[in-house]
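Trainee:
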Amino acid sequence: MKLEFLGMKWAMTEKFREYLWGQNCTVWTDNNPLSHLETAKLGATEHRWVAELSAFNYDVRYRPGRANTNADALSRRPPTAMTRMNTESMLEGVAIPVAIHQAVRQEPQFTQYAVSAFPSYTLNDLKLLQEADPTISAFLQFWKAQKAPSSSARDKLSGLVRVLLRQWDKITSKDGLIFRKVQRPDGGEEILQLLLPMCLKEVLQQLHDDHGHQGIERTTELVRQRCYWPGMSDDIKQWCKDCTRCILAKTSQPKLSAPMGHLLASRPNQILAVDFTLLEPATDGREHVLIMTDVFSKFTQAVPTRDQKAATVASALVREWFFRFGVPARLHSDQRRSFENAVVGQLCNLYGVQKSRTTPYHPQGNGQCERFNRTMHDLLRSLPAERKRHWPEYLPQLVFCYNTITHQSTSESPYYLMFGQEPQLPVDFLLGRIEEPERGQVTDWVREHQRRLAVAFHGARERLQAAALKRKDRHDRQTLCDPLAEGQLVYLKNFTMRGRTRIQDAWSPVLHKVIQAPTPDGVVYSVAPVQDLGRIRQVHRTMMKAANVDRASELPHMQEVPQVTGMQSGGEEHDQGAWVMLDPRGGQPEPSYAQTLLQGDLVDNVTPQEECVPATEPFQAPMLPTGSNAEGLRRSTRATAGRHRNLHHLPASVLNQADGATNSQVAELEGCITAIFRPWC
Numbered sequence: 002m003k004l005e006f007l008g009m010k011w012a013m014t015e016k017f018r019e020y021l022w023g024q025n026c027t028v029w030t031d032n033n034p035l036s037h038l039e040t041a042k043l044g045a046t047e048h049r050w051v052a053e054l055s056a057f058n059y060d061v062r063y064r065p066g067r068a069n070t071n072a073d074a075l076s077r078r079p080p081t082a083m084t085r086m087n088t089e090s091m092l093e094g095v096a097i098p099v100a101i102h103q104a105v106r107q108e109p110q111f112t113q114y115a116v117s118a119f120p121s122y123t124l125n126d127l128k129l130l131q132e133a134d135p136t137i138s139a140f141l142q143f144w145k146a147q148k149a150p151s152s153s154a155r156d157k158l159s160g161l162v163r164v165l166l167r168q169w170d171k172i173t174s175k176d177g178l179i180f181r182k183v184q185r186p187d188g189g190e191e192i193l194q195l196l197l198p199m200c201l202k203e204v205l206q207q208l209h210d211d212h213g214h215q216g217i218e219r220t221t222e223l224v225r226q227r228c229y230w231p232g233m234s235d236d237i238k239q240w241c242k243d244c245t246r247c248i249l250a251k252t253s254q255p256k257l258s259a260p261m262g263h264l265l266a267s268r269p270n271q272i273l274a275v276d277f278t279l280l281e282p283a284t285d286g287r288e289h290v291l292i293m294t295d296v297f298s299k300f301t302q303a304v305p306t307r308d309q310k311a312a313t314v315a316s317a318l319v320r321e322w323f324f325r326f327g328v329p330a331r332l333h334s335d336q337r338r339s340f341e342n343a344v345v346g347q348l349c350n351l352y353g354v355q356k357s358r359t360t361p362y363h364p365q366g367n368g369q370c371e372r373f374n375r376t377m378h379d380l381l382r383s384l385p386a387e388r389k390r391h392w393p394e395y396l397p398q399l400v401f402c403y404n405t406i407t408h409q410s411t412s413e414s415p416y417y418l419m420f421g422q423e424p425q426l427p428v429d430f431l432l433g434r435i436e437e438p439e440r441g442q443v444t445d446w447v448r449e450h451q452r453r454l455a456v457a458f459h460g461a462r463e464r465l466q467a468a469a470l471k472r473k474d475r476h477d478r479q480t481l482c483d484p485l486a487e488g489q490l491v492y493l494k495n496f497t498m499r500g501r502t503r504i505q506d507a508w509s510p511v512l513h514k515v516i517q518a519p520t521p522d523g524v525v526y527s528v529a530p531v532q533d534l535g536r537i538r539q540v541h542r543t544m545m546k547a548a549n550v551d552r553a554s555e556l557p558h559m560q561e562v563p564q565v566t567g568m569q570s571g572g573e574e575h576d577q578g579a580w581v582m583l584d585p586r587g588g589q590p591e592p593s594y595a596q597t598l599l600q601g602d603l604v605d606n607v608t609p610q611e612e613c614v615p616a617t618e619p620f621q622a623p624m625l626p627t628g629s630n631a632e633g634l635r636r637s638t639r640a641t642a643g644r645h646r647n648l649h650h651l652p653a654s655v656l657n658q659a660d661g662a663t664n665s666q667v668a669e670l671e672g673c674i675t676a677i678f679r680p681w682c
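Taken in order, the sequence shown gives residues 2 to 682; the numbers are from our numbering.
(1) Can you name the start and end residues of the alpha helix (DSSP H) that residue 191 belongs to?
(2) Whose C-alpha, out of 170, 290, 7 and 360, is nearest the C-alpha of residue 49?
(3) So, do the stretch 290 to 306 and the stretch 369 to 381 have three or more beta carbon pairs nearer to each other than 8 Å?
(4) Assuming the contact rule is C-beta atoms closer than 8 Å, residue 369 and residue 274 should be a hit. Round their C-beta distance to whole Å, please.
(5) According to DSSP, simplified to helix, strand and coil, what is residue 71?
(6) At 4 residues or longer, what runs of the alpha helix (DSSP H) sit wholly inside the stretch 426 to 469?
(7) Let me make sure I understand the geometry here. Which of 500, 310 and 159 has the alpha-carbon closest to that of residue 338?
(8) Under a three-way DSSP split, which group does residue 497 fall into?
(9) DSSP three-state call for residue 25: helix, strand or coil?
(10) Return the chain-ordered ranges of every alpha helix (DSSP H) run that is complete within the stretch 127 to 158 and spans a minimum of 4 residues.
(11) Where do the N-terminal and C-terminal ends of the beta strand (DSSP E) with residue 175 fall, by residue?
(12) Return the bridge partner residues of residue 530 from the DSSP annotation.
(13) Which runs of the beta strand (DSSP E) spanning at least 3 residues fall entirely within the stretch 279 to 312, listed in chain order?
(14) What first and last residue would you give for the alpha helix (DSSP H) that runs through residue 58?
(15) From what residue to what residue does the beta strand (DSSP E) around residue 179 run?
(16) Are the Cβ atoms of residue 27 and residue 73 separated by less than 7 Å?
(17) Out of curiosity, what's the CA-to-CA distance linking residue 207 and residue 215?
(18) Are the CB atoms of residue 1 and residue 541 nearer to each other than 7 Å?
(19) For residue 324, count the other beta carbons within 10 Å of its own beta carbon; 16 or more makes it buried, fewer makes it exposed. Which is it?
(20) Helix or strand or just coil, what does DSSP make of residue 17?
(21) Tell me whether residue 229 sits in a helix, a strand or coil according to DSSP, three-state version.
(22) Tell me the residue span of the alpha helix (DSSP H) that contains residue 344.
(23) So, at 7 Å on beta carbons, what are the nonlocal neighbours of residue 284 in its own chain, with the 5 sequence-adjacent residues on each side left out?
(24) Have a look at residue 189 and residue 160 and give me their C-alpha separation to the nearest angstrom.
(25) Quick check: residue 685 and residue 393, are their CB atoms within less than 7 Å of each other?
(26) Quick check on the DSSP output: the beta strand (DSSP E) that includes residue 547 runs from which residue to which?
(27) Is the number of C-beta pairs between the stretch 238 to 253 and the stretch 521 to 537 that are closer than 8 Å three or more?
(28) Which residue marks the beginning of the alpha helix (DSSP H) containing residue 10, and which one marks its end?
(29) Take residue 748 and list the residues in its own chain whose beta-carbon comes closer than 7 Å to its own, dropping the five residues that flank it on each side.
(30) In the DSSP assignment, find the unbroken beta strand (DSSP E) run with residue 539 in it and report its ends.
(31) If the criterion is Cβ atoms closer than 7 Å, does the pair residue 348 and residue 315 meet it?
(32) Specify the secondary structure class of residue 369 as computed by DSSP and reduced to three states.
(33) Tell me the DSSP secondary structure of residue 474 in three-state form.
(34) For the beta strand (DSSP E) holding residue 388, just list the boundary residues, first then last.
(35) Please check if any C-beta of chain D sits within less than 7 Å of the C-beta of residue 485.
(36) Pop quiz: residue 35 and residue 5 are said to be a contact at Cβ under 8 Å. What is the actual Cβ separation, rounded to whole angstroms?
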């Protein structure tokens, strides 16, 4: 609605202001919300537009888009070049506004258009290419004679030829070409698959890279409907797996899952895990909560704060934990700035606390705090609606409830494992469950207390280990990550994008190298950028994806794609692009590429990998005639004065490059109309 509203405001207050001022007018639009402008909820910008329109008498009415064809047609009409006016034909003495004078004197602008077309081969070209292919030609020797080779002769043939021999009953001929006849899987009509020569496997690139980078199944179906070659399924599978654009752009399906690790402690206050969670702002402005959890006993404290600064974290740790329950041996957190700041580091050094951290963007490494966050959210959600804004007042009570309830992993309450005794709850006074002081010596109570704690700690350790092994066994059943070797190249998950990232690449294009691999059960790798191996970082296995830099070298049976005469691979925009310039001045037609391929001794002196490379000389374009006029215009003493290297800004060269030779300078073709073709754009 906003765009249509802006157009209506511009038309009435600026474009047609003089015509509509003081008149009653009706605005017809196919935007239905715009017709309810009087009752719509508008922002500050829209209210300013309404204020500008208040000086006009207008009525907005709606009509469907199919009835609004006049406006739709005008909106889709491309802008035309301004007709050049002749100032000399104007009457003398008439004042011309500056804007009109500048528009009249403006030089005409020209737009260059490119016509795209697809490369094609004639039936005769395809027939010659099939006969020149070493695999197909070896098969045709037996198939045309309608005599299968003997066992000894079959053993001497290559593996690709033997694959074709197994398709003997499905091979047929039509219009001089060799096809493979197969039945559709759904029982439909038969499909004739062209027996594709090796040098024409550019089809695989076009049907995958230039057809939306489909998956293995869809690409296989696209190719299967058109052509066939031995080992086609394996080639397609390998091509799709090694496609760099697919690796970077697509997320891993199913989701990567690495073996689960453990964060276990053997006594209270051995490992203190900390984390922040963000809640709705309270009445006093506090919205952050610092969670502190003892990994062994599961005893937890939650401290509301106004921010997540490092000074706030250090103060809360000292006041709410160190001075109350003692200094922990180890502090575990994620890598947010408030925990990795120098202030927290100095605090750990002062008290002798070891600092550990999770890998980036992997909250599962601090699962105890993350799990309590969900529990705390559920407890706060149970508050009545009128109390939710005062959640800091009720947070200590809810945390106390959590600490006094038996934990599933330890079968003991966090309070008991932390202090060695169960707390007295208010309901205990109501039920008369008040413990009377026991008679005897204090040492007897201490020994009994130590015995009960030893039994509780021993049972808690065993149950924690059993629960961890159970979780690991259940999780590792769905592990879908292959281990990486040292020196292997990988891509890291892309977390640098901000804002809307639905169509952004899922993986960063920066190549990283595995510097150090973990133990067989480990999942944290040391990696560094290939361009800067000194920047080592720790990354979880699920945040990495194996890279294949040179997919063409590992693709089986794949050869260099042939280029027809006048075509050069590699453009300025796409590596697979090719530019063709056609000279319409006539002349003798050039022989087809397949005929050139089979003429003379071209086929006799090449290896099978070179049979599809045309041996043609580079096309030499005529140079522009130069003279004193051109040099005078440039007013330069350079030898190339007046000769623009690319006057019309053509996007690529039209010259082929022979082996060992250099590209000639692109000259302008004078007196001819040039059409530019780019296949598979």
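Positions of the beta carbon are idealized from the N, C-alpha and C atoms, including for glycine.
Mentor: The relevant details are as follows:
(1) Element bounds for residue 191: not the alpha helix (DSSP H) but the beta strand (DSSP E), 191 to 196.
(2) Checking every option, the nearest Cα to that of residue 49 belongs to 7.
(3) yes
(4) Taking C-beta atoms under 8 Å as the contact rule, residue 369 and residue 274 qualify, at a distance of about 5 Å.
(5) helix
(6) You should have 427 to 432.
(7) Ranking the options by Cα distance to residue 338, first place goes to 310.
(8) DSSP places residue 497 in coil when its eight states are reduced to three.
(9) strand
(10) 135 to 145 and 152 to 157
(11) The continuous beta strand (DSSP E) containing residue 175 extends over residues 172 to 175.
(12) 513.
(13) For the stretch 279 to 312, whole beta strand (DSSP E) runs of length 3 or above, ordered along the chain, are 289 to 295 and 301 to 306.
(14) Where residue 58 is concerned, there is no enclosing alpha helix (DSSP H), although the beta strand (DSSP E) it sits in stretches over 58 to 63.
(15) Segment 178 to 184, the beta strand (DSSP E) holding residue 179.
(16) Taking 7 Å as the Cβ cut-off, residue 27 and residue 73 do not qualify as a contacting pair.
(17) In this model, residue 207 and residue 215 are separated by some 11 Å (Cα to Cα).
(18) Because the chain in this structure spans residues 2 to 682, residue 1 falls outside the shown range and cannot be described.
(19) Answer is exposed; the Cβ neighbour count stays below 16.
(20) coil
(21) strand
(22) 343 to 352
(23) 390 and 391, listed in sequence order.
(24) 31 Å
(25) Outside the displayed range of the chain (2 to 682) lies residue 685, so it cannot be described from this structure.
(26) 545 to 547
(27) no
(28) 3 to 11
(29) The displayed coordinates of the chain run from 2 to 682. Any statement about residue 748 would go beyond what the structure contains.
(30) For residue 539, the uninterrupted beta strand (DSSP E) run begins and ends at 538 to 541, by DSSP.
(31) yes
(32) Helix at residue 369.
(33) Here residue 474 sits in helix by DSSP.
(34) First-last for residue 388: undefined, no H or E at that position.
(35) In the structure shown, chain D does not exist; there is a single protein chain.
(36) 5 Å
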